[in-house]
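Residue numbers (this note's numbering): 83 to 467. Here a beta-carbon is modelled for each residue, glycine too, at the ideal position from N, C-alpha and C.
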Amino acid sequence: MNIQRIGIIMNGVTGRMGTNQHLLRSIKAIIDQGGIRVSDDLTLMPDPVLTGRSGSKLAALAKRAGVEKWTTDLESVMADPDYPVFFDASGTLFRARFVEMAVAAGKSVYCEKPTAVETSEALRLARLCEDAGLKNGVVQDKLWLPGLRKFKMIREQGFFGRILSVRGEFGYWVFTGHHTDQPAQRPSWNYRQEDGGGIIVDMLCHWRYVIDHLFGPVKAVSCTGAIHIPERIDEQGRPYACTADDSAYAMFECEDDVVCQFNSSWNTRVRRDDLLTMQVDGTHGSALVGLRKCWVQSLAETPRPVWNPDIDSPLDFYAGWQEVPDATHYDNAFKVQWELFLRHVALDEPFPYTLREGAKGVQLAELGLQSWRERRWLDVGDLEG
Ligand SMILES: NC(=O)c1ccc[n+]([C@@H]2O[C@H](COP(=O)([O-])OP(=O)(O)OC[C@H]3O[C@@H](n4cnc5c(N)ncnc54)[C@H](O)[C@@H]3O)[C@@H](O)[C@H]2O)c1
């Protein structure tokens, strides 16, 4: 058995996503499982070095993850050919500078979404990688959530007939920090536009690839945002003004006339099956897609309700749904995508989730913000250049 080591610079991983999803649940988990066994003769083994600004934070994280190498000297590891892959999970507005450095150093580039807050900038970064002939990718983790995979499986089996519409509900209550013992559970930059925050930039990037892959290419958007909560408390306990949208109420039209509505909110209390649910209605069946589970109701199982609010409903509307059973083992979604990217780097296997695809998410977010400002529907054109 040959073990092919792949050196990965992991930048900005002391943050929420970098630590939990990318280091601990992806790269560390891949190392712990003995690498990615791609054939009887070959295993790919990630070899990370953690980079960032704070030596003490990096040292503590390295220790926690059982990783040996970390440094605050990004330039020296960028110059080291032993690390052919650069990954970035730092804040959105820092991404461009790091991607530029990685391209100049000839690395394969993988990074968190959004790659930028403007389409032109996201496209510029994609082009930089393409022109340099570098492999590149952007995180599109939701595609590998078990609930969405189950949906995709039954859709391909023809369960739905013709899909008509999708109603997505995403969100939960993010504490403002104003109340004793209820600190905020998201970083304060999320609520400041000047720091790359805002739920439209954050979530419409996800909705773009989710809709494109599952329901058909998005062709138009109408979006209303809101800053429902004007002040929150930051990590230092200081009040700050919220300058970025904390809720978004968006509609999307797809090719084949599927209508998708997605509510995204950090100001809503959950009374539904999961933090993200998507109800998909088709002529022959419907699904309620959650993060891990997917429930379906076929045409034959569809009840025949009669409107009568004078009595309690004689129908239990939750009863006529079947849970789609697990069809396989579902690994962490970020880890699945990491494995695909590392196989792409080492073996040249296809990896369609490129920076150019990521730019489409930024495009939808930018159009969503424009639609809100101008209070109108906007077409989603092809990305050019
Ligand atoms: N895929 C997803 O579902 C998902 C979810 C949340 C966030 N994100 C994205 O991940 C990125 C990080 O978000 P987060 O929630 O982890 O934020 P965070 O604030 O917890 O982490 C950001 C990290 O970047 C570091 N950083 C900031 N400036 C830096 C610099 N100049 N050099 C090196 N490191 C620097 C910070 O110290 C911190 O460790 C954002 O782009 C965000 O949009 C993706």
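Out of the options, state which residue places its alpha-carbon closest to the alpha-carbon of residue i.
i, options, result
"ARG206", "GLU157, GLN379, VAL181", "VAL181"
"THR101", "LEU451, LYS417, GLU421", "LYS417"
"THR197", "THR174, VAL191, VAL185", "THR174"
"ARG458", "HIS261, LYS375, ALA332", "ALA332"
"GLU26", "MET285, GLN267, ILE245, ASP263", "Missing from the structure shown is residue 26; the chain here goes from 83 to 467 and no further."
"ALA178", "SER158, VAL159, GLU200", "GLU200"
"GLY134", "PHE168, VAL120, SER121, ILE112", "PHE168"
"PHE300", "TRP271, LEU140, ILE311, GLY450", "In the sequence under discussion, the amino acid at residue 300 is Val, which differs from the Phe named in the question. Residue GLY450 is the option with its Cα nearest to VAL300."
"ALA428", "ARG386, LEU140, LEU357, LEU126", "LEU126"
"LEU422", "PHE433, ALA415, ASP413", "PHE433"
"ASN414", "ASP394, PRO163, LEU373", "LEU373"
"GLY148", "ARG268, PHE242, ASP129", "ASP129"
"ARG353", "GLU431, TRP255, PRO387, PHE344", "TRP255"
"THR306", "ILE393, LYS224, ALA330, ALA401", "ALA330"
"THR325", "ILE309, VAL185, VAL292", "ILE309"
"CYS376", "GLU383, PRO387, ASP355, ALA382", "ASP355"
"GLU383", "SER395, TRP389, PHE399, ASN390", "PHE399"
"ARG274", "GLY253, PRO228, ILE311, ASP164", "ILE311"
"PRO387", "SER380, SER395, LEU381", "SER395"
"ILE90", "ASP114, LEU124, ALA184, ASP123", "ALA184"
"ALA401", "ASN390, TRP389, ASP122, SER380", "SER380"
"ASP464", "SER453, VAL444, ARG455", "VAL444"
"LEU357", "TYR291, LYS224, ARG107", "LYS224"
"THR350", "TRP389, THR258, PRO321, HIS295", "THR258"
"ASP277", "GLY215, TRP152, PHE176", "PHE176"
"GLU313", "ASP339, HIS261, ARG237", "HIS261"
"ASN345", "GLY215, GLY253, LYS151", "GLY253"
"PRO321", "PRO265, CYS287, PHE334, GLN239", "PRO265"
"PHE334", "ARG249, SER347, PRO391", "ARG249"
"LEU156", "GLN343, ASN84, SER136", "SER136"
"GLY215", "ILE85, SER158, ASP430", "ASP430"
"ASP164", "GLN86, GLN222, LEU296", "GLN86"
Can you tell me the Cβ-Cβ gap for residue i and residue j, rounded? I've got them flagged as a contact below 8 Å.
i, j, result
"VAL341", "SER247", "5 Å"
"ILE281", "ASP327", "5 Å"
"GLU203", "ASP170", "Not a contact, Cβ separation roughly 14 Å."
"ILE112", "ILE118", "6 Å"
"LEU370", "PRO385", "Between PRO385 and LEU370 the Cβ distance is about 15 Å, and since that is not below 8 Å, they are no contact."
"LEU143", "THR154", "Their Cβ separation, rounded to whole angstroms, is 13 Å, which puts LEU143 and THR154 out of contact at 8 Å."
"HIS426", "LYS189", "Going by Cβ atoms, the distance from HIS426 to LYS189 rounds to 14 Å, so no, they are not a contact pair."
"TRP226", "GLN419", "6 Å"
"GLY367", "PHE242", "5 Å"
"LEU460", "ALA323", "Not a contact, Cβ separation roughly 28 Å."
"ILE245", "PRO166", "The pair is not a contact, with the Cβ atoms about 41 Å apart (cut-off 8 Å)."
"ILE293", "CYS336", "6 Å"
"VAL191", "ALA447", "VAL191 to ALA447, Cβ: 21 Å. No contact."
"ALA161", "ALA186", "Their Cβ separation, rounded to whole angstroms, is 10 Å, which puts ALA161 and ALA186 out of contact at 8 Å."
"ILE236", "VAL378", "7 Å"
"SER121", "SER304", "Not confirmed; about 49 Å, so no contact."
"GLY298", "ASP338", "5 Å"
"LEU105", "MET92", "6 Å"
"MET83", "ASP123", "6 Å"
"TYR291", "GLN239", "In fact, because the Cβ distance is near 22 Å, the residues do not count as touching under 8 Å."
Per DSSP, which one or two residues make a beta bridge with residue i?
i, result
"LYS151", "VAL131"
"GLY250", "PHE344, MET360"
"GLU480", "With the chain covering 83 to 467 only, the question about residue 480 has no answer from this structure."
"ASN84", "LEU124"
"ARG119", "THR125"
"ALA308", "SER329"
"TRP271", "According to DSSP, TRP271 bridges with nothing at all."
"VAL167", "ILE90, SER190"
"TRP255", "ASN349"
"ARG314", "TYR322"
"GLN303", "This sequence places Val at residue 303; Gln is not what is there. In DSSP, VAL303 forms a bridge with PHE334, LEU460."
"ILE282", "BP columns for ILE282 are empty, so no partner."
"ASN245", "The sequence shown places Ile at residue 245, rather than the Asn named in the question. Looking at the DSSP assignment, ILE245 forms a beta bridge with GLY364."
Is the beta carbon of residue i within less than 8 Å of some heavy atom of ligand 3?
i, result
"TRP348", "Ligand 3 is absent from the structure shown, which contains only ligand 1."
To test your reading of the DSSP string, which unbroken beta strand (DSSP E) runs of 3 or more residues are found completely within the stretch 187-220?
Correct list: 190-193, 218-220.
Which full runs of the beta strand (DSSP E) of 3+ residues lie inside the stretch 318-368, going along the chain?
DSSP runs (the beta strand (DSSP E)) wholly in the stretch 318-368: 321-323, 329-336, 341-347, 358-364.
Do the stretch 206-226 and the stretch 420-438 touch if we need at least three Cβ pairs shorter than 8 Å?
The stretch 206-226 is in contact with the stretch 420-438.
contact_flag[the stretch 404-414, the stretch 226-238] where n(CB pairs < 8 Å) is 3 or more
The answer is yes - the stretch 226-238 touches the stretch 404-414, with three or more Cβ pairs under 8 Å.
Counting beta carbon pairs with one atom in the stretch 92-99 and one in the stretch 389-406, are three or more of them shorter than 8 Å?
As far as the Cβ criterion goes, the stretch 389-406 does not touch the stretch 92-99, which means the pair count is below three.
Minimum length 4: unbroken alpha helix (DSSP H) runs contained in the stretch 403-458
Under the rule that a run must span 4 or more residues, the alpha helix (DSSP H) segments found entirely inside the stretch 403-458 read 415-429, 437-456.
What are the start and end residues of each continuous beta strand (DSSP E) run of 3 or more residues lying completely inside the stretch 366-390, in chain order?
You should have 367-371, 376-380.
Taking 8 Å as the threshold, find out whether the stretch 356-365 comes into contact with the stretch 261-269 through three or more Cβ pairs.
Using a Cβ-Cβ distance cut-off of 8 Å, the stretch 356-365 and the stretch 261-269 are not in contact, since fewer than three pairs of beta carbons, one from each stretch, lie closer than that value.
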